[in-house]
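FYI, the numbering for the sequence shown is 97 to 289, going by my numbering. For every residue, glycine included, the Cβ atom is placed at its ideal position computed from N, Cα and C. Note that the structure is predicted; figures quoted are calculated from it, not measured. Written out below as structure tokens is the structure these notes cover.
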Amino acid sequence: HIPLQSGDDEILKFMNRSYNTSLFFQKINKFRKDIPDIAITSDIMVGFPYEDEQSFNNTYKFLKKLEFTKIHIFPYSDREDCLANLLVNKVAPKIKKERSKRLLNLSKSLYYNFVKKYVGIKTVVLIEREVKDKRGKIYSQGITNNYIKVIIPGLTGKIGKLVKVQLNEAYPDYSIAEVLRQDVVSTPTTHLY
């Protein structure tokens, strides 16, 4: 998780950040080069004082370019001990809400694209829980080491265990997988084997 806060250099200056979008982009690319399957999430603040439509659009485009796995979006709000509280040109609550919604939709799309890249991949999943659906069918839910949520139909008795699977289908919030072997993996040295 690497907080960006804004994808607009002028807003980053107002926020008193020690980086700009160019440096941030270079760092993200280095992480991806060094760890190809890395899942990178970030924080974005919407509605910081002086954020106009152009600076918001710069942020939106930059987020698309970065292709984060997920984005945590939160609206700016004045805080008593914060220098930004003294800035003028506040963004209206209605605009903050609209921008938050646009970024939330982008985040969902980015996560879905991330999940789709791994369809057909063999990986290891940490089983977190078992769930019974409305029809009484049991399935396990878990997560890969790069934070893909996984559903495994028919698997039971493996909560807290690492299981080898193949990711077969992608959905906006998760992947459906099949177990390759029922035995438990003792050490998750990598998500591929």
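- Taking a 10 Å sphere around the C-beta of phenylalanine 127, we find fewer than 16 other C-beta atoms and assign the residue as exposed.
- Straight through space, the alpha carbons of serine 205 and proline 268 are spaced by roughly 7 Å.
- In the DSSP secondary-structure assignment, aspartate 139 is bridged to His168.
- Valine 215 sits close to alanine 266, with the two beta carbons spaced by under 8 Å.
- Counting only runs of 4+ residues, the alpha helix (DSSP H) found wholly inside the stretch 97-158 occupies 105-110, 117-130, in chain order.
- Taking C-alpha positions only, glycine 103 is separated from lysine 193 by approximately 18 Å.
- CA-CA distance, leucine 119 to arginine 113, rounds to 12 Å.
- Just so you know, the alpha carbons of serine 173 and phenylalanine 144 end up roughly 8 Å apart.
- Within its own chain, the residues whose Cβ lies closer than 6 Å to the Cβ of valine 221, once the five positions on either side in sequence are excluded, are Gly238, Thr240, Val246, Val259, Val261, listed in chain order.
- Linking threonine 165 to asparagine 242 through their CA atoms gives a straight-line distance of about 9 Å.
- Here serine 236 carries a strand assignment [DSSP, helix/strand/coil].
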